[in-house]
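Some notes on the structure that comes next.
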Amino acid sequence: MPVPDQPSSSDKTSSLSPVLNTSNGDGSETETTSAILASVKEQELQFERLTRELEAERQIVASQLERCKLGSETGSMSSISICLHSN
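Just so we're aligned, residue 1 is where the sequence shown starts under the numbering used here, counting upward by one.
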């Protein structure tokens, strides 16, 4: 399934412009921009952390699955039992 195109950084900036242009011009636009930027950076860090955690979990599950496959190929009842009870 194709992945939809991700908006470029210039697209993201232009999509924020209507929000930023509604300020009253007394410096709150800069504060709003800074707040949005800080929020985006925080979300990026959270996304990166969650991505690392998800990849670590994926590797754990893949290794468990591989052990189960190897155990079932050899017909070892102890390996099958371990796989069933490791969850």
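Even for Gly, the Cβ is constructed at its ideal location relative to N, Cα and C.
Predicted, not measured: the structure shown is a model, and the values here were computed from it.
Residue i, DSSP secondary structure in three states
i      : result
Gly-75 : coil
Ser-17 : Below a pLDDT of 50, predicted positions are generally treated as unreliable, and Ser-17, at 48, falls in that range; the measurement from the model is reported next regardless. Ser-17: helix per DSSP, three-state reduction.
For residue j and residue i, the rounded distance between their alpha carbons
i      : j      : result
Leu-50 : Leu-37 : 20 Å
Ser-34 : Glu-42 : 12 Å
Cys-68 : Ser-39 : 43 Å
Ser-63 : Thr-74 : 17 Å
Glu-66 : Glu-48 : 27 Å
Gly-71 : Gln-59 : 18 Å
Leu-54 : Thr-32 : 32 Å
Glu-57 : Ser-28 : 43 Å
Arg-52 : Thr-30 : 33 Å
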